[in-house]
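When we follow this note's numbering, the leftmost residue of the sequence shown carries the number 2, and every step to the right adds one. No residue lacks a Cβ here, since even glycine has one placed at the ideal position from N, Cα and C. Note that the structure is a prediction, hence the values are computed from the model and not measured. I have placed the structure first, in the form of structure tokens, so that the comments after it can refer back to it.
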Amino acid sequence: EQKFADQETEPPTVHHGVVSSLLEQAGELATRTTMDDPVNDRVDPLNLSLNFIHEAAHDLTATAEVVETRGTAAVATVTVESKTREGAVTAVATGQAVFGID
């Protein structure tokens with residue numbers, strides 16, 4: 002949708018805030034897969050570190066992996082990919098998310 006696009010580029014690209022939100026949500030969902038009660042257990046974002054590599058054109062996909070769970074915290078790495086204007090798929094952002102778990 003146009004309201005999620007960065008209008009400063011031509012053609013418009015996906016706003017970085019959308020990419021950030023997807024990265025956080027993918028990390029949270031991956032973290033939930035490691036929990037005893039993934040629906041009801043608490044997962045709260047504590048820290049997000051993002052690296053924007055390329056502009057996202059459309060069709061975002063996120064892949065997340067939990068790299069460590071210890072006590073009340075979990076760490077996930079996430080890669081967000083997008084189709085380019087030419088139709089190829091490329092990484093547009095990578096990051097790490099730390100979650101408080103309970």
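Run the CB neighbour count on Gly72, radius 10 Å, all protein chains shown included, and call it buried at 16 or more, exposed below.
-> Exposed is the call here.
Alpha carbon to alpha carbon, what distance is there between Glu69 and His55?
-> 27 Å
Would you report the Cα separation of Thr85 and Leu49, rounded to the nearest angstrom?
-> 25 Å
First and last residue of the uninterrupted alpha helix (DSSP H) at Thr32 = Under the DSSP assignment, Thr32 falls in the alpha helix (DSSP H) whose first and last residues are His17 to Arg33.
How is Arg71 classed by DSSP in three states: helix, strand or coil?
-> strand
Own chain partners of Ala106 with C-beta closer than 6 Å, once the 5 adjacent residues on each side are dropped = Shown here, the chain extends from 2 to 103; a query on residue 106 therefore has no answer.
From Glu2 to Ala57, what does the alpha carbon distance come to, in whole angstroms?
-> Residue placement at Glu2 cannot be trusted, given a pLDDT of 48 that sits under 50; what the coordinates show is reported in the next sentence. The alpha-carbon of Glu2 is positioned some 13 Å away from that of Ala57.
Euclidean distance between Cα positions of Leu61 and His17 = 12 Å
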